[in-house]
Amino acid sequence: MKLRAHHLICLLGFRGLGYSPEFVENMAHIADQLRSFPQTVIEVLRQPDDICSPCPFLGKKGCQDKGPNSEGKRRNRDEAVMDRLNVTAGDKLSWFEIRERMRSSINPEDLDEICQDCEWLPQGYCVEGLKDLRS
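This note's numbering applies: residue 793 is where the sequence shown begins, and numbers increase by one.
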């Protein structure tokens with residue numbers, strides 16, 4: 793499975809909402825698979841991934857949901873998450889190992905910096921997911 797680094801946090805907060813029915817169905821499938829099989833190996837990316845594939849905002853140059861700078865902002869989030877998890881693009885780890893790294897290296901209050909400008913941050917879902925992971 794190939795996932796952008798910031799989507800690792802998004803998966804913790806996923807509540808069945810998204811950009812289109814196809815996007816939601818795909819993300820739910822990925823979240824269910826990872827819950828059921830924590831040994832699933834994930835290649836960490838800083839570009840569009842398996843979650844992005846059905847997104848209506850995926851363009852030739854990546855994410856275009858808020859215009860031409862959207863992909864750059866997503867990559868900044870990816871880099872911030874990779875820095876905290878001590879991984880680089882292309883690294884392969886199990887979902888279990890990624891969760892352990894998130895538990896020990898990302899605090900809920902870090903999301904204000906990592907996820908600034910994210911339309912989902914004000915909902916609080918990812919903060920709740922991270923708090924649950926750390927409890």
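Backbone N, C-alpha and C fix where the C-beta goes; we use that ideal spot for every residue, glycine too. As the structure is a computational prediction, the values presented were derived from the model and not from experiment.
- A straight-line Cα-Cα distance of about 26 Å links Gln831 and Leu903.
- For Gly854, the pairing in a beta bridge is given by DSSP as Gly851.
- Straight through space, the alpha carbons of Glu901 and Val833 are spaced by roughly 28 Å.
- For Arg796, the enclosing beta strand (DSSP E) has its first and last residue at 794 to 796.
- Counting C-beta pairs closer than 8 Å gives three or more between the region 869 to 880 and the region 797 to 805, which meets the contact rule.
- Distance from Gly805 to Cys918 at the Cβ level is roughly 3 Å; contact confirmed, criterion being Cβ atoms closer than 8 Å.
- Assigned with DSSP and collapsed to three states, Leu837 falls in strand.
- Between the C-alpha atoms of Leu837 and Arg867 there is a straight-line separation of about 9 Å.
- Straight-line measurement puts the Cα of Pro848 at about 9 Å from the Cα of Cys855.
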